[in-house]
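One line per chain: the protein sequences are X and V, in this order. Position 79 of the first sequence, counted from 1, bears residue number 79 in full-length UniProt numbering, the numbering being contiguous throughout. Position 66 of the second sequence, counted from 1, bears residue number 66 in full-length UniProt numbering, the numbering being contiguous throughout. Below is one structure; the comments refer to it alone.
Protein chains: 2
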Amino acid sequence: MKELNIIKIGGNILDKPTQLHRFLSDFASFPGAKILVHGGGKIASTIGQRLGIIPKYHEGRRITDSETLDLVTMVYGGLINKQVVAQLQALSCNAIGLTGADANTILASKRPVREVDYGFAGDVAGNRSINVEVLHGLLTLGITPVFAPLTHDGDGSLLNTNADTIASMLATALASLYQVKLTYCFEKKGVLQDPTDDTSVISHINQARFIELKDTGVVSEGMIPKLDNAFAALGQGVKAVQIGDAAEINDIVAGGKAGTLLTL
Amino acid sequence: MKELNIIKIGGNILDKPTQLHRFLSDFASFPGAKILVHGGGKIASTIGQRLGIIPKYHEGRRITDSETLDLVTMVYGGLINKQVVAQLQALSCNAIGLTGADANTILASKRPVREVDYGFAGDVAGNRSINVEVLHGLLTLGITPVFAPLTHDGDGSLLNTNADTIASMLATALASLYQVKLTYCFEKKGVLQDPTDDTSVISHINQARFIELKDTGVVSEGMIPKLDNAFAALGQGVKAVQIGDAAEINDIVAGGKAGTLLTL
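What follows is the structure, encoded as C-alpha cells:
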C-alpha cells in the first residue's frame with residue numbers, strides 16, 4: 001500500500017500569513033499522496049463582526065444558525081480554502097479545494113436537537129460517509145485535496161463540521177487503501193508534560209499512557225477529544241498519528257524527534 | 001466523441017431561490033457529461049455593502065481591488081458555489097465546486113495596467129490555459145464541475161474573471177475531446193428582434209446574419225461581447241452555441257424551439 005499523509009492545520013496558523021506560507025511550502029514539498037484539512041481562524045469572527053453576526057456558543061461549542069452557516073461557508077469554503085489552494089498551486093502542488101459537499105466526499109448528519117439546538121452542525125456518521133472512491137480517484141490523478149471544515153447532509157444543506165473530526169474520518173476511511181499517517185498541527189510543540197514548559201514534549205504516548213495522563217490530569221480538557229479521535233483512528237487501521245507544531249512539520253512527517261507520536 | 005453540455009447561468013437566476021432550484025433540477029436530470037459555470041449575483045453587492053466595501057467601476061467593468069477580490073472569493077467561490085453544489089448533490093448530480101485555482105483548471109493573467117488598473121481581474125490567455133487533462137479526469141469519474149467566476153495567476157493570487165469567458169474557454173478547450181454544446185442562460189428568451197417584445201426571439205443566427213444584426217443595431221451593446229465569444233467558440237470547434245432563458249433549459253438542451261441557436 002502507498003503512503004498517504006493527512007495533515008490538519010488550525011486557526012492559529014491560518015491567521016498568520018508568513019507562518020502559513022512557510023507551512024504550505026513545506027507541505028507542497030512532501031512527495032506522494034497527501035491531503036490537507038484546515039480549520040477556521042479569527043478571520044471568520046472578524047468578518048462576522050463586520051456583518052453584524054453575533055457568535056453564539058453553548059459550552060464552548062459554536063451554535064451554527066443560518067446566518068452563521070452562510071458566514072462559515074463564505075470564509076472557510078471560499079476565502080481561506082481558495083487562498084490556500086492558490087498558494088499551493090504557486091508552489092507546484094496541484095491542490096483542489098473541497099467541502100464535504102464537493103463530489104459528495106463527506107456526508108454528515110445534522111446534530112439532533114436535544115437540550116441544545118446546535119443548528120447546522122454536522123456529525124460524520126462513520127467511515128461509510130466518506131467517498132473513498134472519489135478521493136482515491138483524485139489522488140490517482142495527482143491531485144491534493146484541501147478540505148474546509150464543512151460537510152453536507154445530502155438534502156441540500158451544508159453543515160459546519162469540526163476539522164479534527166474530518167481529518168480522523170478521512171484517515172480511517174482511507175486506511176483500507178493507503179498506509180495513512182495523520183498529523184494534527186496545533187499551537188504547541190506536542191503533548192506537554194508541563195503545559196507551562198514548551199520543551200516538555202512527551203515524544204510517545206500509547207493507550208495505557210494516555211489513560212495514565214488523563215488520570216493524573218496532565219492531558220487537559222481541550223486535548224482529550226483530540227487524543228480520543230487519534231486513538232479511535234489508530235484502532236481503525238491508521239498507521240500513525242502525530243501531534244505537533246506546524247513550524248516543525250518537515251521533521252514530524254519525516255518521522256524525526258519533533259512532536260508527539262501516538263500508537264496503540 | 002461523447003457529448004458535453006456546458007451551461008452558464010448568471011446573476012438574474014442566482015438571486016431567485018425558487019427559479020434557481022427549478023433550473024438545478026433540470027440541469028441535474030441531463031444525462032452524460034456536463035459542466036455548470038455560474039456568474040455573480042446581487043448577493044455580492046449586498047454583502048459588500050454590509051462590509052462597507054464600495055464598488056468601483058470603469059465603463060461598466062468592475063474594478064477588483066484587494067478587498068473586492070476577497071469579497072468575490074467569499075461570495076462566488078464560497079457561498080454561491082457551495083450552495084449550488086449542495087443542492088445538486090441533493091438532486092443526485094455529483095457536482096464539484098471549482099475556481100480556476102482548483103486543480104489548476106484555469107490559469108489566467110492579471111489584466112495589464114494601461115489607462116485603467118482593473119486590479120485583480122483575470123484574462124484567460126487561450127485554450128492552453130485550461131487543464132483539459134484534469135477536467136477530462138473528473139468527467140470520467142462521473143463528476144460534474146461547477147465553476148465560480150474566478151481563476152488564478154499561478155503565482156498565488158486568485159483573479160476575478162468573467163463567467164461568459166470562462167464558459168467559452170472551457171468549451172473551446174474541451175472541443176478536442178468532446179462534442180461540446182455551449183448554452184448561455186440569461187434574462188431573455190433568446191436574442192430578440194425587438195428588445196421590447198419577448199416573443200420576438202430570433203431562432204437562428206449565423207455569422208453573416210450576426211454582422212447584419214450588428215449593422216442594423218438590433219444586437220445591442222451588452223449582447224455583442226456575448227455573441228463575439230460565441231462565434232469565437234464555434235470557430236474553434238464547438239459544435240453548437242445556444243442562448244436562452246434558464247426556465248427553458250430542458251427544451252434548449254434537447255434542441256427544441258426555445259432560445260437562439262448560433263452556428264458559423
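Here a beta-carbon is modelled for each residue, glycine too, at the ideal position from N, C-alpha and C. Quantities reported herein were computed from a predicted structural model and do not represent experimental measurements.
Only residues of its own chain outside the window of five on either side were considered, and among them V85, L138, I143, T144, P145, V146 have a CB closer than 8 Å to the CB of I96 of chain X, listed in chain order. Taking a C-beta cut-off of 7 Å against chain V, the contacting residues of the stretch 116-147 of chain X are V134, G137, L141, I143, listed in chain order.
Taking 4 residues as the shortest admissible run, the stretch 11-93 of chain V contains the following complete alpha helix (DSSP H) segments, listed from N- to C-terminal end: 11-14, 17-29, 42-50, 66-72, 81-90.
Taking a beta-carbon distance threshold of 8 Å, A103 of chain X counts as an interface residue toward chain V. In the structure shown, F120 of chain V falls within a coil segment according to DSSP collapsed to helix, strand and coil. Proximity of R50 of chain X to chain V, defined by a Cβ-Cβ separation below 8 Å, is satisfied. Listed in chain order, the beta strand (DSSP E) runs fully inside the stretch 141-217 of chain X are 144-147, 150-152, 158-160, 178-186, counting runs of at least 3 residues. Taking a beta-carbon distance threshold of 8 Å, T73 of chain V counts as an interface residue toward chain X.
Straight-line spacing of the CA atoms in V180 of chain V and F23 of chain X works out to 41 Å.
If you ignore the 5 residues before and after Q19 of chain X, its C-beta comes within less than 6 Å of the C-beta of I13, all in its own chain and listed in chain order.
According to DSSP, residue pairing for S109 of chain V in a beta bridge involves V:D123. Residue state for E3 of chain X is assigned as strand, using DSSP reduced to three classes.
Remark: C-beta atoms of L150 of chain X and V37 of chain X do not approach each other more closely than 8 Å. At a beta-carbon threshold of 8 Å, the residues of chain V lying near Q87 of chain X are G156, ordered along the chain. By the CB criterion at 8 Å, A233 of chain X and A171 of chain X fall inside the cutoff. Annotation: A90 of chain X to D155 of chain V spans about 5 Å, alpha carbon to alpha carbon. Taking the C-beta atoms as reference points, I243 of chain V is found no nearer than 8 Å to L264 of chain V. For L261 of chain V, the enclosing beta strand (DSSP E) stretches over residues 260-262. Taking C-beta atoms as the reference points, A148 of chain V and N81 of chain V count as a pair closer than 8 Å. Of the candidates V:S203, V:Q193, V:D228, V:Q193 places its Cα closest to the Cα of T216 of chain V. DSSP lists X:L182, X:L262 as the beta-bridge partner residues of V241 of chain X.
For I96 of chain X, there is no enclosing alpha helix (DSSP H); the enclosing beta strand (DSSP E) has its first and last residue at 95-98. With 16 or more neighbouring CB atoms inside 10 Å of its own CB, G41 of chain X falls in the buried class. Residues of chain X with a Cβ closer than 7 Å to the Cβ of A90 of chain V are, in chain order, G154, D155, G156.
Using a Cβ-Cβ distance cut-off of 8 Å, the stretch 181-188 of chain X and the stretch 1-13 of chain X are in contact, since at least three pairs of beta carbons, one from each stretch, lie closer than that value.
A Cβ-Cβ separation of about 13 Å leaves A240 of chain V out of contact with S168 of chain V under the 8 Å criterion.
The C-alpha of D197 of chain V is placed about 46 Å away from the C-alpha of T105 of chain X. The beta carbon of G77 of chain X sits closer than 8 Å to some beta carbon of chain V.
Cβ-Cβ distances below 8 Å link K257 of chain X to S203, D251 in the same chain, with the five nearest sequence neighbours on each side left out; the list follows chain order.
Judged by their CB atoms, A175 of chain V and V113 of chain V are not nearer to each other than the 8 Å cut-off.
Proximity of D65 of chain X to chain V, defined by a Cβ-Cβ separation below 8 Å, is not satisfied. Between the alpha carbons of F210 of chain X and M74 of chain V lies a distance of about 41 Å. Contact check between the stretch 115-130 of chain X and the stretch 51-69 of chain V: fewer than three CB pairs, one atom from each, fall below 8 Å, which does not count as touching. The continuous alpha helix (DSSP H) containing D228 of chain X extends over residues 223-235.
Nearest CB-CB separation between N250 of chain X and chain V: not below the 8 Å threshold.
Between the beta-carbon of A33 of chain V and that of L4 of chain V there is about 4 Å, and that keeps the pair under the 8 Å contact cut.
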